[in-house]
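Chemist:
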Amino acid sequence: MSFLPPQMKESCASCNKTVYPMERLVADKLIFHTSCFCCKHCNAKLSLGSYAALHGEFYCKPHFQQLFKSKGNYDEGFGRKQHKELWQQKETKSSSQ
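Residue numbers (the UniProt record's numbering): 1 to 97.
#1: Just checking my contact of Phe32 with Ser47 at CB under 8 Å: how many whole Å lie between their CB atoms?
#2: Between Gly49, Cys39 and Lys45, which has its C-alpha nearest Gly56's C-alpha?
#3: Can you name the residues that DSSP bridges to Ala44?
#4: Quick one: using the 10 Å Cβ neighbour count with 16 as the cut-off for buried, is Val26 buried or exposed?
#5: For His63, does the three-state DSSP call read helix, strand or coil?
#6: Helix, strand or coil for Phe58? Go by DSSP, reduced to three states.
#7: Contact defined as beta carbons within less than 8 Å: I believe Ser50 pairs with Cys36. What is the distance between those atoms, to the nearest angstrom?
#8: If distances are taken between C-alpha atoms only, which option among Asn16, Phe58, Leu30 and Lys29 comes closest to Cys42?
#9: Counting only the same chain and skipping the five closest in sequence on each side, list residues whose C-beta sits under 6 Å from that of Thr18.
#10: Would you report the Cα separation of Lys69 and Pro62, rounded to the nearest angstrom?
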């Protein structure tokens with residue numbers, strides 16, 4: 001008599017609840033319920049053909065473009081510090097030592 005190994009329960013990256021095979025969606029190696037896969041900016045439901053990802057965040061394509069265009073880079077438009085500010089901080093620290 002052989003036993004099948006127990007199924008690993010997969011959790012949604014958004015709500016942390018169990019994801020069953022019929023409601024499973026994988027985007028950027030993360031597992032979601034199809035209903036939990038939404039734009040971070042407007043909360044619109046996303047599909048595999050209608051999203052853009054940056055730094056582990058998911059956006060609808062119109063908002064991804066809008067946030068990029070608002071500041072002209074992938075940092076400020078998405079609420080992060082610009083890389084040049086991080087470089088300036090490192091230069092200040094190294095010159096003061």
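Cβ atoms here follow ideal geometry from the backbone N, Cα and C, with glycine treated the same way.
Modeler: Taking the structure as given:
#1: Actually they are not in contact, since the Cβ atoms of Phe32 and Ser47 sit about 11 Å apart, beyond 8 Å.
#2: Looking from the CA of Gly56, the closest CA among Gly49, Cys39 and Lys45 belongs to Cys39.
#3: Ala44 pairs with nothing; no bridge assigned.
#4: exposed
#5: If DSSP states are grouped into helix, strand and coil, His63 belongs with the helices.
#6: strand
#7: Actually they are not in contact, since the Cβ atoms of Ser50 and Cys36 sit about 15 Å apart, beyond 8 Å.
#8: Phe58
#9: Lys9
#10: 11 Å
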